[in-house]
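Chains as they are written, first to last, in the working numbering: chain Z, 94 to 483; chain D, 169 to 483; chain L, 219 to 449; chain Y, 32 to 280; chain V, 149 to 581.
Note that the Cβ used here is the ideal one computed from N, Cα and C, for glycine as well.
In this text the structure is predicted, and so the values were computed from the model without any measurement.
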Amino acid sequence: QETVKIAYIDPLSGGGASIGEIGLKTFQFLAEELNAKGGVLGKKVEIVAFDNKTNPQESLIQAQKAIDQGIRILTQGNGSSVAGALSDFVTKYNERNPGKEVLYFNYAAVDPVLTNDKCSFWHFRWDANSDIKMEALTNYMKTATAIKNVYLINQDYSFGHSVRTAAKSMLAAKRPDIKIVGDELHPLLKITDFAPYIAKIKASGADTVVTGNWGQDFALLLKAAADAGLKVSWYTYYAGGTGGPTAVKQANLNHQVFQVGEGIANLDNKPSQEFEKALRAKYDFSLFYPRAVNQMRMLAAAADKAKSIDPVKVALALEGMEFDVFNGGKGSMRKDDHQFFQPIYISSLGDRTEKEPFDEEKTGWGWKLIAKIDTAQTMLPTTCKMERPK
Amino acid sequence: MLELIVMSTLNGVLYGMLLFLMASGLTVIFSMLGVLNFAHASFYMLGAFFGFQISRWFGFWPALLIAPLLAGALGAAVERYGLRRVHKNGHVAELLFTFGLAFAIEEVVQIIWGKSPVDFRVPSSLDFPAFTIFSTNYPAYKMFMLLVSIVIFAVLLITLKKTRIGLIVQAALTHPHMVGHLGHNVGRIFMLVFGVGTALAAVAGVIAGPALVTQANMAGLLGPILFVVVVVGGLGSLPGAFAASLLIGLVQTFAVSMNGSLSGAFGPLSPDYAATWLADIWNVTIAQIAPIMPYVLLVLILIFRPMGLLGTRDT
Amino acid sequence: MLEVRDLHAYYGKSHILQGVDIKIDAGEVVSLLGRNGVGRSTTVKAIMGEVPPQGTILFKGSNIAGLPSYKIAHLGLGYVPEHRDIFPGLTVRQNLMLGIKDPRKPGKWRLEDMLQMFPNLAARADTAAGVMSGGEKQMLTICRTLMGDPELVMIDEPTEGLAPLIVHQVGDLLAEIARRGVAILLVEQKLSIAMRISHRLYVMGHGRIVFEGTPADLRDNDAIRKEWLEV
Amino acid sequence: MSTAIELRGVEKSFGNTSVIRNVNLAVAQGERHALIGPNGAGKSTLFNLISGYMLPTTGSILLRDEVVSGLAPYQINRRGLSRSFQVTNVFANMSVWENLRCAVLWATGHRYAFWKNVDRLPEVRERTARILEDINLTARRDVPAGLLTYAEQRALEIGITIAGGADVILLDEPTAGMSHAETERAVALIRRLTEGRTLLIVEHDMSVVFGLADKISVLVYGQIIASGVPEEIRGNPKVREAYLGEEAA
Amino acid sequence: MTETTSSVAPPYPTAAEKLKFYGLWVGAAVVLLLLPKLFSSGGSLTTFSLIGISIIFSLSYNILLGQTGMLSFGHAVYYGLGGFLVIHAINIIGANKLPIPLPLVPLIGGLTGLLFAVLLGWVSTQRSGTAFAMISLGVAELVASSALILRTFFGGEAGISANRTKVFRLFDWNFGPQIQIYYLVAAWTLIAVIAMYALTRTPLGRMCNAVRDNPERVQFVGYDPHVVRYLAFCFSGFFAGIAGALAAINFEIANSAYLGAVQSGTVLFATYIGGVGFFIGPIVGAIFVTILSLGLSDLTQVWQLYFGLIFIAVVLFAPGGITGLLMMHRPLLKAGTFGKVLPSYLIAFVPTLAMLIGLILGTEIIVYYAVHSGDDSHIKAFGVPFDAANRYVWAMAAILLVGGYWVARKTWTFVGHAWDDATSVAREKGIAA
Ligand SMILES: Nc1ncnc2c1ncn2[C@@H]1O[C@H](COP(=O)(O)OP(=O)(O)OP(=O)(O)O)[C@@H](O)[C@H]1O
Ligand SMILES: Nc1ncnc2c1ncn2[C@@H]1O[C@H](COP(=O)(O)OP(=O)(O)OP(=O)(O)O)[C@@H](O)[C@H]1O
Ligand SMILES: CC(C)C[C@H](N)C(=O)O
Ligand SMILES: [Mg+2]
Ligand SMILES: [Mg+2]
């Protein structure tokens with residue numbers, strides 16, 4: 094019996110390994126789920142892991158290796174820097190090897206450029222791009238009158254830059270009274286102690302910090318804040334990542350850390366809660382990538398629709414596809430730029446009520462829903478001009 | 169402003185002392201055995217993980233004692249069964265040996281403790297703010313780190329000055345046979361030095377583990393900077409390493425605290441250059457280049473004062 | 219005191235020592251003569267364990283063949299190698315200090331005595347030994363080994379590169395060492411000095427001892443001198 | 032007759048110990064000049080100064096009437112002065128042949144050439160072969176220098192020194208550690224190789240000194256206390272007291 | 149005079165030897181030509197291309213380490229800058245339709261490497277030894293970090309990319325398919341290897357060796373060791389630039405990792421493991437390390453552990469590198485005594501292999517329990533499936549490991565004896581070992 098192989102190309106060693114491994118386990122869990130339901134078009138799904146060490150060039154070597162093994166679907170998420178290179182590679186590869194096309198499913202790299210100027214027919218993104226998230230976040234911040242002085246701190250690479258530029262322009266438009274008192278960029282995954290940055294934030298008199306930091310760059314930032322007793326509100330993209338909740342609890346920032354994302358465990362939605370329970374029963378982490386669930390389920394749906402697992406046909410089937418997303422509500426894969434649109438949620442971490450059954454990292458604290466932005470409100474325009482196969 | 173200066177000085181000194189804590193072992197090994205021990209940071213990591221595990225079982229204070237002993241024993245074994253055999257093939261061979269070792273140690277740590285950070289906490293007896301300035305808490309644990317660094321500095325300095333071991337090792341670097349003929353057991357001394365050096369790294373690990381992250385990639389983040397400390401300070405000079413650690417800690421911390429850039433000083437660049445490399449240079453802030461400061465220092469030192477800050481030997 | 223029986227040694231596979239027998243009694247001065255390359259240095263190296271020895275080496279009754287050299291040294295055997303091997307980075311004083319095996323047990327040679335005996339060394343006590351002149355280095359090595367208080371010293375070509383006057387002085391030093399009850403095994407090139415201070419002489423040829431006797435015996439034995447020593 | 036090497040008021044001190052004190056010395060072209068003196072007198076230091084390895088504290092050094100103090104060793108070498116070392120100083124991992132060839136390359140004008148095949152330079156081959164013959168190491172041509180016996184290494188050291196064809200040669204204890212037989216051979220070799228050139232030699236072996244030198248200078252505590260033809264020196268009481276001792280008389 | 153010369157100097161190569169020598173290169177060219185026919189899968193073409201690049205890079209590194217005795221921690225700087233410039237060049241050539249065909253583009257990389265070596269080399273090569281090593285480390289970190297700051301030129305973390313098919317075409321080769329890239333790399337590899345070999349045979353090449361052995365003495369035969377080191381550094385930078393250029397053409401991307409410590413470390417590894425003492429050493433090392441780093445991660449999850457252990461083993465047991473190990477046998481082959489050691493090798497091989505299998509098995513079982521406990525215990529390591537939860541498998545691993553070690557130790561002493569015999573016979577026949 095034939096299998097549908099998906100190459101998982103993400104860091105499994107080095108600084109990014111901790112999140113890369115969680116992603117891998119999530120996908121393996123999802124593959125098992127699909128297989129239990131009979132797989133894709135009756136074929137078993139298998140995730141094959143490739144270690145890219147968060148390095149664009151290494152990713153291309155691994156992608157090439159995957160293709161050489163006959164794999165036609167690649168998935169990657171950790172790092173927009175890698176994503177850009179991979180998308181470019183896949184586009185060129187498909188152009189030069191007609192009939193042997195491969196698809197690239199992006200589950201987490203959110204640099205907007207990937208579905209704008211540098212969009213590609215072969216690239217599909219299930220995560221909301223950075224601009225969409227910032228739009229949602231600033232819409233909420235607009236209403237929080239307590240915010241006066243905002244400090245931006247981000248990782249020095251494409252994603253961090255897009256968070257920073259979007260934050261600046263959107264805040265300026267929506268809340269011109271807010272002052273940006275700091276705008277910091279720091280090296281990606283290289284800082285061991287954020288104390289100097291915290292001192293700077295403190296000295297700036299900020300009451301709010303906006304950051305796209307992820308992985309250890311978030312956990313360590315919060316840890317340093319906790320040590321120094323910095324009390325501000327945090328608007329984040331990835332506070333839920335490994336070590337994040339623990340650090341938030343340590344800093345005792347009860348419902349002062351906000352996160353924008355496409356879902357949380359504590360949504361009042363039966364199926365996703367069931368899924369969360371099953372995942373936690375097996376692994377000691379919570380679902381960090383709800384979009385990966387959508388991605389895998391939509392792959393199965395698209396293959397069904399196309400009655401084939403041929404990449405080109407699957408791609409065409411995915412275009413414009415409507416889908417009931419994992420956390421509830423409607424989503425759709427926009428044909429113009431292959432960006433998936435779905436409801437976006439803003440949540441905060443802290444004490445739970447009985448409405449929030451799940452805690453995070455055994456801290457006792459959990460995510461509480463603050464605001465929901467419907468799919469329609471997240472539709473930002475795109476500049477993508479896609480070259481499609483004839 | 170004053171607040172930032174005071175805080176940065178504090179943070180800088182602290183970071184510097186942490187560097188020293190790690191670099192002291194490397195100085196001992198590097199200067200005495202001439203081994204560029206690329207696995208030094210790995211022993212630092214082992215110290216942190218051993219410390220984590222032992223403090224789970226017996227508490228932090230026993231861990232602070234046992235973990236370095238374990239790591240030191242491991243280091244001694246590495247010297248005895250590995251490095252010693254490689255020694256005669258020269259420094260490059262030794263260096264690659266430790267390279268390989270660093271790889272292996274990292275993977276072993278990942279196998280045992282996983283790739284995600286472990287929850288290594290500051291002991292509750294030290295988990296309180298030592299003092300508060302400018303409404304910022306200064307954790308007692310950091311004061312403790314400072315104290316340990318200084319104690320280690322003092323103890324090492326005294327032992328190095330007062331014992332003959334330093335002399336014997338230095339002599340053995342050039343003429344190991346001769347040292348043996350004079351009745352000194354060179355092998356045992358090398359083993360001891362390596363063991364002590366790695367144990368020092370492990371002390372740093374146990375102490376820094378709870379303050380920073382304890383994760384399988386923690387070694388890679390600190391490796392090269394330790395060499396910078398040792399070389400800038402001057403090979404073989406412990407006070408030099410101390411001074412260099414402080415210097416680097418302060419320089420880096422202050423650089424982070426500064427927002428100055430050419431565009432800040434001379435006004436924004438004309439938009440004609442917006443998409444050129446000139447714009448990059450124009451707009452980069454001092455804070456952004458903070459991480460490369462130590463290397464600038466290294467290159468400058470090697471060009472203008474090759475023996476390092478307080479060193480006597482030419483590298 | 220030292221008795222070497224049927225000593226063999228190899229460099230790789232080349233058989234350098236082919237059964238050397240030597241005996242030295244306490245307090246005795248014995249010279250080992252021979253042409254370049256016959257294996258005199260190798261003999262002392264083998265005794266010290268720098269070259270793996272095969273055979274029996276009894277020192278004060280116990281077999282030391284195969285022991286690591288630091289253990290041999292602790293038994294009271296001193297060695298001054300041919301290439302001087304001073305520690306160039308250390309000062310003269312530090313070099314001398316390293317000769318002391320156990321700082322808690324002072325021996326009969328003291329740092330002060332040494333410096334007094336060799337004013338050259340005293341003047342440079344705190345300079346790096348590496349920059350000393352060739353002759354100064356030679357003296358330093360001998361002194362350094364004496365600091366370890368050996369009962370027998372093996373000295374390999376101590377007068378190489380020394381000025382005639384100093385050669386004489388070294389001869390005096392050796393005599394002084396012997397007077398203080400230390401046995402000496404002297405490996406020499408210069409017949410004159412060996413003849414002057416030795417009680418007994420060995421002549422080596424092709425990895426074996428070819429002659430044994432007193433200086434007077436050797437003086438009388440032209441054949442041996444012609445065949446195994448100089449021209 | 033012009034001077035090959037001339038030292039004018041040369042002094043050298045390390046820190047505050049002065050090792051060479053006001054040395055004036057002239058070695059005539061084509062002369063074989065021996066420098067003797069007690070250990071630590073500063074003979075090797077003087078060589079280091081002349082060859083550019085060290086800088087004199089004061090004073091000047093002239094090579095064929097041109098001031099060379101302050102030049103780097105390789106610059107002085109290019110002006111025709113070559114020296115050997117008291118401690119053997121060869122290219123240990125290279126074969127005897129290559130050792131000698133390296134010493135020939137600059138002098139034959141090939142310098143840093145990276146476009147010529149070194150094996151196909153006839154004049155280099157010829158010269159190297161000649162020197163190899165001269166120092167009697169033909170049989171050891173392909174042996175790495177580090178594996179030669181001590182005496183062979185000393186011979187190679189001399190070979191390297193003269194290979195460049197310099198016409199001023201400085202030899203620092205060339206026969207140290209050699210047996211009598213070997214010493215004699217070495218002396219003959221040196222005599223032959225330095226025919227027509229200027230030689231400045233340091234030796235402790237008086238038979239070598241008296242057998243070879245046209246002129247002798249005696250250095251004691253960094254000062255030249257006597258200078259003259261061998262007979263004068265032998266008879267000089269100051270020299271006897273400071274250096275020769277009674278024996279050598 | 150000439151007569152003495154011919155009897156004393158090493159003889160000129162005979163016609164037969166010359167034939168053998170040139171035949172070797174021609175043979176290499178033919179092999180390179182035919183290789184894709186023998187291994188035709190896409191994977192092997194990529195692998196071969198990477199090996200070719202790595203060969204040039206390692207050989208260029210050995211100009212420093214092996215030939216001139218300079219340990220560099222920053223050789224990737226010249227490789228990376230070559231790569232970056234080539235990416236820009238391809239973009240410029242494509243955009244302006246300049247008549248420069250792709251096969252000439254690596255030269256741009258080489259010249260870039262050369263230029264930066266010329267600029268940075270003079271101060272770096274002032275000293276040798278540890279000082280040089282540390283300066284190279286500092287310079288490398290500086291350049292690599294600056295690459296992240298100068299985003300317009302270096303493209304930040306993501307790097308910059310290009311499309312190699314958009315440049316001027318010759319003979320209708322668009323260099324899209326990997327096979328065309330393979331031939332491009334192969335041709336350049338051959339050229340670069342020949343050039344670097346030739347370099348070792350020049351006066352400069354010889355003086356590099358002299359500087360490595362004894363920089364002090366070099367000064368007294370008329371050479372300035374600093375200049376020698378500097379020139380070697382420049383050549384090394386040039387060839388590293390070519391390697392970087394080929395890598396850039398192969399991947400069509402250059403990012404800051406090209407310049408980084410990992411890249412510099414890998415080339416040091418490859419060169420040393422191959423053997424710095426031989427010209428072909430780095431070639432062997434490049435092949436070995438490339439295959440290892442590409443293949444090992446497919447065979448086992450904890451590849452990094454094996455990677456580390458393999459290096460430790462090579463450093464411990466093969467001080468002259470892999471080539472050194474092989475070359476040790478040359479005198480035996482010449483003397484015809486290789487047969488004496490062969491049987492002992494075969495005897496030693498079996499228990500050693502058993503020991504290694506036991507080690508691997510044990511490691512994988514531990515990994516299974518430490519990392520994947522709960523998953524299916526039927527796992528695969530190095531392509532061999534087994535059941536990690538099976539007690540018999542455990543026992544087997546233990547027996548193989550302990551027993552293998554015990555027996556292997558004995559057999560290795562055999563090897564030692566056989567080796568001694570064989571070499572002494574060889575020596576008696578006058579063949580130096
Ligand atoms: N490390 C070595 N490897 C191989 N052969 C060696 C080594 N050391 C010495 N030999 C050889 O061993 C023989 C004996 O050497 P040894 O040094 O004992 O001679 P010696 O009698 O002390 O002469 P010398 O007057 O040169 O000091 C010589 O032929 C020498 O070439
Ligand atoms: N770099 C230096 N620093 C300090 N002192 C030095 C230095 N170089 C040499 N000396 C000292 O200068 C003096 C002269 O040394 P030099 O080597 O010239 O003596 P020499 O005449 O060659 O003696 P020998 O005949 O023993 O070789 C010695 O006392 C030596 O210790
Ligand atoms: C895994 C994610 C945190 C990656 C990040 N969003 C990026 O675009 O680079
Ligand atoms: Mg000898
Ligand atoms: Mg001298």
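For ligand 2, residues qualifying as neighbours are Arg342/L, Thr345/L, Val349/L, Met350/L, Ser351/L, Gly352/L, Gly353/L, Glu354/L, Phe45/Y, Val50/Y, Gly68/Y, Asn70/Y, Gly71/Y, Ala72/Y, Gly73/Y, Lys74/Y, Ser75/Y, Thr76/Y and Gln117/Y, where qualification means a beta carbon closer than 6 Å to at least one of its heavy atoms (chain order). Residue environment: Asp144/Z is assigned as buried (16 or more neighbouring CB atoms within 10 Å of its CB, all protein chains considered). Taking a Cβ-Cβ cut-off of 7 Å, the neighbours of Asp286/Z in chain D comprise Tyr183 and Leu380, given in sequence order.
In its chain, beyond the 5 residues on either side, Pro87, Ser91 and Ile92 have a beta carbon closer than 6 Å to the beta carbon of Ser100/Y. For chain L, the residues of the stretch 258 to 276 of chain Y that bring a beta carbon within less than 8 Å of one of its beta carbons are Ala273, Tyr274, Leu275 and Gly276, in chain order. Taking 8 Å as the upper bound on Cβ-Cβ separation, chain Y lies near residues Glu375, Glu378, Gly379, Leu380, Ala381, Pro382, Leu383 and Ile384 of the stretch 366 to 384 of chain L. With a threshold of 9 Å between beta carbons, Pro285/D makes no contact with chain V.
Secondary structure note for Met213/D: its alpha helix (DSSP H) is the uninterrupted segment His208 to Phe226. Tyr454/V: member of the alpha helix (DSSP H) spanning Trp451 to Phe465, first to last residue. Apart from sequence neighbours up to five positions away, the residues of its chain that approach Leu313/Z with a beta-carbon distance below 6 Å are Phe287, ordered along the chain.
Gln272/L sits in a strand when the DSSP states are folded into three classes. For the 9 Å CB-CB criterion, His345/D and Ser249/L do not form a contact. Residue state for Val315/V is assigned as coil, using DSSP reduced to three classes. Runs of the alpha helix (DSSP H) lying entirely within the stretch 351 to 420 of chain L, each at least 4 residues long, are 352 to 365, 382 to 397 and 409 to 415 in chain order.
In the structure shown, Ile232/Y adopts extended strand secondary structure according to DSSP, grouped into three states. Residues of the stretch 312 to 335 of chain D whose Cβ lies closer than 8 Å to any Cβ of chain L, in chain order: Arg332 and Leu335. Within the DSSP bridge table, the entry for Trp219/Z names no partner.
Residues of the stretch 316 to 347 of chain L with a C-beta atom less than 9 Å from some C-beta of chain D are Leu316, Gly317, Ile318, Lys319, Asp320 and Pro321, listed in chain order. Beta-carbon to beta-carbon, Ser238/Y and Ser248/Y are separated by about 18 Å, too far to satisfy the 8 Å threshold. Distance from the CA of Arg223/Y to the CA of Ala197/Y, rounded to the nearest whole angstrom, comes to 14 Å.
Closest by C-alpha distance to Val133/Z, out of Ala394/Z, Gly421/Z, Gln435/Z and Ser440/Z, is Ala394/Z. Taking all protein chains shown into account, Trp554/V has fewer than 16 neighbouring C-beta atoms within 10 Å of its C-beta and is therefore exposed. Excluding the 5 residues flanking it on each side, Leu394/D has same chain C-beta neighbours closer than 7 Å at Met190, Ala191, Leu194, His208 and Ala209, in chain order. The beta carbon of Arg426/L lies closer than 7 Å to those of Gln236, Gly237 and Val238 in the same chain, with the five residues before and after it left out. Closer than 9 Å to the CB of Arg253/D there is at least one CB belonging to chain V.
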